[in-house]
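> I'd like to ask some things about the structure below.
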Amino acid sequence: MRTLAAVLAIGAAGLCATLVAQPAPRRATTIAALKSYPGFYNQQTVLVVGDVRGQGERMSIGTDEASIRLVARENPDGRIEARGQFLDIGRISPDDPRLIPFNLLDLVRTAYPDRWPRPGEELMLILGNAVPPPGATEVATPPLRTLAMEPERFTGRVVTILGQFRGRNLFGDLPEAPLASKWQFVLRSTDAAVWVMGLQPKGRTFNFDPARRLDSGRWVKVAGTVRTAKGLTWLEGTTIDLAEAPADTVTEVTIAAPPPPPVEVLFSSPTEGEVDVRLDERIRLQFSRDLDPATLKDRVRITYSLADSKERGEAQPPPIGFATTYARENRALEIRPAQAWERFRSVKVEFLEGVKGTDGGAMPPFALNFTTGGS
188 MRTLAAVLAI GAAGLCATLV AQPAPRRATT IAALKSYPGF YNQQTVLVVG DVRGQGERMS
248 IGTDEASIRL VARENPDGRI EARGQFLDIG RISPDDPRLI PFNLLDLVRT AYPDRWPRPG
308 EELMLILGNA VPPPGATEVA TPPLRTLAME PERFTGRVVT ILGQFRGRNL FGDLPEAPLA
368 SKWQFVLRST DAAVWVMGLQ PKGRTFNFDP ARRLDSGRWV KVAGTVRTAK GLTWLEGTTI
428 DLAEAPADTV TEVTIAAPPP PPVEVLFSSP TEGEVDVRLD ERIRLQFSRD LDPATLKDRV
488 RITYSLADSK ERGEAQPPPI GFATTYAREN RALEIRPAQA WERFRSVKVE FLEGVKGTDG
548 GAMPPFALNF TTGGS
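Add 187 to a position in the sequence shown, counting from 1, and you land on the number used in the numbering used here.
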């Protein structure tokens, strides 16, 4: 049997050839972001800065905050800027042909002999090439790219950055906003992007609408305090001004953003199939991504079982009125029935097609079933 190290080496060689043959859009980001949002970055070309640790099958790249497996033909040394394809193996089917060129199927089966990894559990960076990390820069005026790739160098500091206005993530440059804010927009430069929060994009001669693509593309200079959390980097903005494009800016072809990851239900109470649910129980669900509560209208349905009604001699189940409350800070939805549940009834809660996240990611149709008790 081939060793895991050999599989890693062969997989890296196959990927390098693929990267040369098929240039892909790239995203300069952090390893913490890859760990926090593997679905967003899955199968994309990414650039990250980190320290290489270990060798062969134990090789990884990481920072003090997070690390992931690194697959490479040769063992790079020290701190590098790594470019390669990021894979969340749990989101790829074992029979997916995309695993064949990289020989990653053998690697995964060796590491997980009894099961397939879950989404987010086995993350890999297939190294295409490595260069020295960004050099020293003015702390107060770092390049946006340096800030996006090494935010820990600037966290808590007031900086001024130059970038293109991209609206409220209209082009899918970043996974999601770090927090709720009336004013939020993305700045981008080449292959890197960061959020700006709490600052209206308005000045003496301009007033940008974060929801309009027509206002995107203008170069601006923004000052604010650098913050990081859960793999996201942003500025608590204080000032914004129009700016000239940097002299070394090149015209880039706009590549369509990948579709946003779907919204998934992480937790529900009651749980699926639960019995003896209290008659005053409220339904609570937590989602994987920020939900757009406006899309819930006419797309949530709660019904009693038709079979139960027939056994009770009812022509149709009684209707169920309800109200919903969405808490953005923890992505939680509460459903309150208008009156107590009826005793010993089977209840079905359905989320119909059309429910979306704030970034447009669709929620697949979802159903939750439970049975009420006697009190």
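The beta-carbon is built from N, C-alpha and C at its ideal position, and this holds for glycine as well.
I want to know whether the segment 212 to 228 touches the segment 251 to 269 - three or more CB-CB distances under 8 Å.
With a cut-off of 8 Å, the segment 251 to 269 and the segment 212 to 228 count as touching, because enough Cβ pairs lie within range.
> Pull up the distance between the alpha-carbon of D477 and that of L366, whole angstroms please.
On the sequence shown, position 290 is the one that residue 477 refers to. On the sequence shown, position 179 is the one that residue 366 refers to. If you take the alpha carbons of D477 and L366, they lie about 10 Å apart.
> Please report how far the alpha carbon of D396 lies from the alpha carbon of F372, in whole angstroms.
Translated into positions along the sequence shown, residue 396 becomes position 209. Translated into positions along the sequence shown, residue 372 becomes position 185. Cα to Cα, the separation comes out at about 9 Å.
> Are there three or more Cβ pairs, one per stretch, closer than 8 Å when the segment 386 to 406 is compared with the segment 418 to 433?
yes
> Report yes or no: do the segment 525 to 535 and the segment 494 to 507 share at least 3 C-beta pairs separated by less than 8 Å?
yes
> Mapping the DSSP letters down to three states, classify K535 as helix, strand or coil.
What you label residue 535 is simply residue 348 of the sequence shown in a count that begins at 1. Strand, per DSSP.
> Identify, in the order they occur along the chain, each residue of the same chain with its Cβ nearer than 6 Å to the Cβ of G547, setting aside the five sequence neighbours on each side.
Position 360 of the sequence shown, counted from the first residue, corresponds to residue 547. Excluding residues within five positions, the ones whose Cβ falls inside 6 Å are P447.
> My output table needs one value for A549: the three-state DSSP class, helix, strand or coil.
In the sequence shown, counting from the first residue as 1, residue 549 sits at position 362. In the structure shown, A549 sits in a strand (DSSP, three-state: E or B).
> Tell me the rounded alpha-carbon separation between E261 and G411.
On the sequence shown, residue 261 is found 74 positions in, with the first residue counted as 1. On the sequence shown, residue 411 is found 224 positions in, with the first residue counted as 1. Computed Cα separation, rounded: 41 Å.
> For L374, tell me which candidate among L401, L331, E309 has the shortest Cα-Cα distance.
Numbered from its first residue, the sequence shown carries residue 374 at position 187. The candidate whose alpha carbon is nearest that of L374 is L331.
> Identify every run of the beta strand (DSSP E) within the segment 312 to 369, keeping only runs that are complete inside it and at least 3 residues long; order them along the chain.
345 to 352
> CB-CB under 8 Å to T511, same chain, minus the five flanking residues each way: which ones, in chain order?
Along the sequence shown, one-based indexing puts residue 511 at 324. Here the set comprises P480, L483, V487, L520, E521, I522, R523.
> Quick one: residues in its chain with C-beta nearer than 7 Å to the C-beta of D399, no 5 flanking neighbours on either side, listed in chain order?
Locating residue 399 in the sequence shown gives position 212, counting from the first residue. For the record, residue 399 in the displayed sequence is Arg; it is not Asp. Closer than 7 Å at the Cβ level, and outside the excluded window around R399, lie G354.
> Just the Cα atoms here: how many angstroms apart are T425 and E339?
For this step, residue 425 is matched to residue 238 along the sequence shown. For this step, residue 339 is matched to residue 152 along the sequence shown. Taking the straight line joining both Cα atoms gives about 20 Å.
> Between L555, R296, L257, D264, which has its C-alpha nearest P320's C-alpha?
Locating residue 320 in the sequence shown gives position 133, where the first residue counts as 1. Of the listed residues, the one whose Cα sits closest to P320 is D264.
> M267 by DSSP, collapsed to three states: which one?
If you number the sequence shown from 1, residue 267 lands on position 80. Strictly speaking, residue 267 in this sequence is Ile, with Met absent from that position. Three-state DSSP puts I267 in a strand.
> With respect to the beta strand (DSSP E) encompassing G560, which residues constitute its N-terminal and C-terminal limits?
The residue given as residue 560 occupies position 373 in the sequence shown. Unbroken run through G560: none, as it is neither H nor E.
> Using the Cα positions of D485 and M246, report the straight-line distance between them to the nearest angstrom.
Residue 485 sits at position 298 when you count from the first residue of the sequence shown. Residue 246 sits at position 59 when you count from the first residue of the sequence shown. Cα-Cα distance, rounded: 50 Å.
> Per DSSP, V258 is paired with what?
On the sequence shown, residue 258 is found 71 positions in, with the first residue counted as 1. For V258, which the question treats as bridged, DSSP gives the partners I313.
> For V295, which three-state DSSP category applies?
Translated into the one-based positions of the sequence shown, residue 295 becomes position 108. Of the three classes helix, strand and coil, the one that applies to V295 here is helix, per DSSP.
> From the DSSP output, in three-state form, read off F509 for me.
By 1-based counting over the sequence shown, the position of residue 509 is 322. F509: strand per DSSP, three-state reduction.
> Would V346 and P362 qualify as a contact pair, given that the criterion is a beta-carbon distance under 9 Å?
The sequence position of residue 346 within the sequence shown is 159, counting from 1. The sequence position of residue 362 within the sequence shown is 175, counting from 1. Not closer than 9 Å, so no.
> Taking the CB atoms as reference points, tell me whether V258 and L292 lie closer together than 9 Å.
Position 71 of the sequence shown, counted from the start, is the residue given in the question as residue 258. Position 105 of the sequence shown, counted from the start, is the residue given in the question as residue 292. No, they are not a contact pair.
> So, helix, strand or coil for K484, using DSSP?
What you label residue 484 is simply residue 297 of the sequence shown in a count that begins at 1. It is coil, neither helix nor strand.
> Between the Cα of S376 and the Cα atoms of G385, G390, D360, which residue gives the shortest distance?
The residue labelled residue 376 in the question sits at position 189 within the sequence shown. Comparing Cα positions, the closest option is D360.
> If you check the beta carbons only, do D463 and G560 fall under 9 Å apart?
By one-based count along the sequence shown, residue 463 stands at place 276. By one-based count along the sequence shown, residue 560 stands at place 373. Against a cut-off of 9 Å, the Cβ pair of G560 and D463 comes out as a contact.
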